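Remarks on the structure that follows.
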Amino acid sequence: LMFLRFRKLNAMTKTDKEWLSRIGEMVDGDDHNMPEQGKYNGGQKAMFWASVVCMVLLVVSGVLIWRAQFSPPLELVRFGAVVHAVAGAAMIALIMIHVYAAIWVKGTIRAMWYGTVTRAWAKQHHRAWYREMTGK
-19 LMFLRFRKLN AMTKTDKEWL SRIGEMVDGD DHNMPEQGKY NGGQKAMFWA SVVCMVLLVV
41 SGVLIWRAQF SPPLELVRFG AVVHAVAGAA MIALIMIHVY AAIWVKGTIR AMWYGTVTRA
101 WAKQHHRAWY REMTGK
């Protein structure tokens, strides 16, 4: 499971919370004063955890509304349907934000396509990770 593989890398730190509190600067294109980030920045980590929560809600609520197999009470089915719809809408919003962010930050599409980034890109966007990888 990908969750087990990536959960430790996506643990939120104080620096990530600071990054998230200054996300407006990043959106405005001023990333020079952003705190140094590791392999994943605060936004990527927030996206990971929000996606995990949405997926868990979708699975649990999906089982609840799968009435033919489990026959839960009607009130529970209705509640499950609402949770399923909200979690689905949230997941769609997360995907849209993910695509927008990938297009917004130059070099991200290349990184996703090839699985690598240039040293300059890593140094600019994930300086703590760059230092860890290069020892500089």
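Take the sequence shown: its letter number 108 is residue 88 in my numbering, and every next letter is one higher. Positions of the beta carbon are idealized from the N, C-alpha and C atoms, including for glycine. Keep in mind the model is a prediction, meaning the values are calculated, not measured.
Judged by their CB atoms, GLY60 and ILE72 are not nearer to each other than the 8 Å cut-off. With respect to the C-alpha of GLY4, the residue from MET(-18), LEU38, GLY23 and LYS(-6) having the closest C-alpha is GLY23.
Counting only the Cα atoms, LEU(-16) lies some 28 Å from VAL62.
In chain order, LEU44, ILE45 and ARG47 place their CB closer than 8 Å to the CB of VAL57, counting only its own chain and leaving out the 5 sequence neighbours on each side. By the Cβ rule, the segment 32 to 42 does not count as touching the segment 2 to 16, because fewer than three pairs are nearer than 8 Å.
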